[in-house]
Ligand code: M6R
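In this note's numbering, the protein residues as written are 22 to 638.
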């Protein structure tokens, strides 16, 4: 995915766009660019690299003048990251400029047609094809920019969020969306407008925003009401203006060196926010409107199918254990990318739970649409309020983790598990599959988790020392059993994505079916060996590793004796019931990957080749 920003109004557009791009850099950081209308003409600067590289280049190339402009930070899809492929792109005449997030799938056919009509192309991007198509439509039909954008988009197959302006009509920005998000910030008395992939670039200027829905486009003019239309049938849409809840503090680092570290430390607060108003321990109840309103469906479901990607998929795997254990409902957990392309058996008695931090992941969205088309009820667990998945699902529950900016998911994972635990407990109570005393105990334990996460975080310095020892390792194994098998997968993913060390997660007992061959004195193995569950079995697995000279870093319950004697390092977490241990065991693994990545000089918040949410296939 990419980040787009834009401004039209009375202030200098340059700093607003550059700051906005810095806030959106989590969405992509291969290249960046900006174009301004300086009163006479457009001035454009773009480069491979980060927004900081753009700042340097733009300072030499353009004068930062003008009250109209658009900017882009890119995660490459068509065309390698280089200066030419960077956005903004101009049309052949140089009159129109565009920034784009998404993919135009039929760009090749459109490009050939445009070449036949005399167009030539500087870049390898699908975006340059789109801006030339808009120009061609404008010329052919003698229509205004908005109409030309609309006609062109009706010829396009794919996904997009775009912002376009015409230097000969520098009083408007045209934006449109299909599959990629776009928000319009409305300044006081409509004297200025902001455009962005999310509201973070304009949060200090306005708390009022319109989020375009799929297949909508808007014409933004200073002093005028934003006009929104359906791209396909031209019908006018009533804009719904939303009050933004986000504040500046939430999207800044707040004294931490990296967003990831801030977000790891935010987990006690985030988990509390997740269950606030839902877990009413004193009344002995769990109240979640999305579940209450659909209780019959949940209770009559033959099974639950969880669809998600990456870390959210790992949260789904934890949920499989919780739902089956507590609520006795059969659960299947599917990679959304696989689910959407096979021919899954889905019936009206299935419930699909789609989990996504961003709520924009293309594969998860497609899996939801497939399940809906087969008549299933779809429930979303999302963090980003108003996101595509939140809107596409029949009902859902937000995680309320607050903005997660580090590309590596941390607080999203623990808050997803919290929401899913609440749902499982609520259903278990309704079905009578847990006794009332156990139920009360679970509520009490869940309420204590934020304090216990705080305690787990106190091992940070100790984990930093362990990281120092293993920072140069080339491979890691992560092992866990039962509820902690998905945590092993998650720990390995965290290490891979931010430190570029190869790591694999395995169910501890599977080790002897193959991976044990990898073990020698150079192999660090992180083993989750908490006291509840399969402790003795995991201890045996640790012994098997030790007798082959593997280096053990064990995550244990405080007070552990047995593992301490055999492991090379132990990291303690507070005790809780087995089902909630993933909320604690994941903390040291997040910190371990964080410190190792920092020590290896890796870009923790913006790891190479990744983007925060994957809005393309
Ligand atoms: O926004 P989503 O939760 O749908 O994103 C899913 C994955 O792309 C995401 O979890 C990814 O694996 C993270 N980089 C993991 O840290």
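Ideal placement from N, C-alpha and C gives every residue a C-beta, glycine not left out.
Residue pairing by DSSP places residue 377 opposite 403 in a beta bridge. By the criterion of a C-beta distance shorter than 6 angstroms, residue 524 is surrounded in its chain by 497, 513, 516, 517, once the five residues flanking it on both sides are discounted. Counting only runs that start and end inside the stretch 112 to 183, the alpha helix (DSSP H) elements of at least 4 residues fall at 128 to 137, 147 to 162, 166 to 174. Judged by the Cβ position, residue 635 qualifies as a neighbour of the ligand M6R at the 8 angstroms threshold, a heavy atom of the ligand being closer than this. When beta bridges are read from the DSSP output, residue 297 appears opposite no residue.
Under the three-state reduction of DSSP, residue 234 is assigned to coil, being neither helix nor strand. With 16 or more other Cβ atoms inside 10 Å of its own Cβ, residue 437 counts as buried. For residue 429, no alpha helix (DSSP H) segment is defined, and its DSSP state is neither H nor E. Look at residue 515: its beta carbon is less than 8 angstroms from one of the heavy atoms in the ligand M6R. Under a 10 Å Cβ-count criterion, residue 301 is classified as exposed, with fewer than 16 other Cβ atoms of the shown protein chains found around its own Cβ. For residue 528, the enclosing beta strand (DSSP E) starts and ends at 523 to 528. The stretch 601 to 618 and the stretch 391 to 403 do not touch, with fewer than 3 CB-CB distances between them shorter than 8 angstroms. Counting only the Cα atoms, residue 306 lies some 51 angstroms from residue 34.
Of the residues 528, 127, 214, the one whose Cα lies closest to the Cα of residue 505 is 528.
The beta carbon of residue 414 lies closer than 7 angstroms to those of 375, 389, 399, 400, 401 in the same chain, with the five residues before and after it left out. Fewer than three pairs of CB atoms, one per stretch, sit closer than 8 angstroms, so the stretch 455 to 473 makes no contact with the stretch 420 to 431.
Unbroken beta strand (DSSP E) stretches of 3 residues or longer found wholly inside the stretch 308 to 366: 324 to 329, 352 to 356, given in chain order. Here residue 272 carries a helix assignment [DSSP, helix/strand/coil]. Scanning the stretch 526 to 568 for uninterrupted alpha helix (DSSP H) segments of 4 residues or longer gives 556 to 567, listed from N- to C-terminal end.
Residue 217 is bridged by DSSP to 26, 204. For residue 383, no beta strand (DSSP E) segment is defined; the enclosing uninterrupted segment is the alpha helix (DSSP H) at 383 to 394. The distance from the Cβ of residue 352 to that of residue 324 is about 7 angstroms, consistent with a contact at the 8 angstroms cut-off. Taking the C-beta atoms as reference points, residue 594 is found no nearer than 9 angstroms to residue 617.
The three-state reading of DSSP puts residue 42 in helix, counting H, G and I together. Around the beta-carbon of residue 51, 16 or more other beta-carbon atoms lie within 10 Å, marking it buried.
Residue pairing for residue 187: DSSP places it in a beta bridge opposite 117. Contact annotation: the stretch 343 to 361 touches the stretch 319 to 333, with at least three C-beta pairs closer than 8 angstroms. Sequence-distant Cβ neighbours of residue 451 in its own chain, meaning closer than 7 angstroms and more than five residues away, are 316, 320. The three-state reading of DSSP puts residue 370 in coil, since its state is none of H, G, I, E or B.
The beta carbon of residue 78 sits closer than 6 angstroms to the beta carbons of 66, 68 from its chain, once the five residues preceding and following it are set aside; these are given in chain order.
A direct Cα-to-Cα measurement between residue 577 and residue 285 gives close to 19 angstroms. At a cut-off of 8 angstroms, the beta-carbon of residue 631 counts as near the ligand M6R: some heavy atom of the ligand is closer than that.
When beta bridges are read from the DSSP output, residue 472 appears opposite no residue.
A residue is called buried once 16 or more other Cβ atoms fall within 10 Å of its Cβ, and residue 310, having fewer, is exposed. According to DSSP, residue 575 shares a beta bridge with 548, 591. Excluding residues up to 5 positions away in sequence, 167, 193, 195, 248 lie with their Cβ nearer than 7 angstroms to the Cβ of residue 240 in the same chain.
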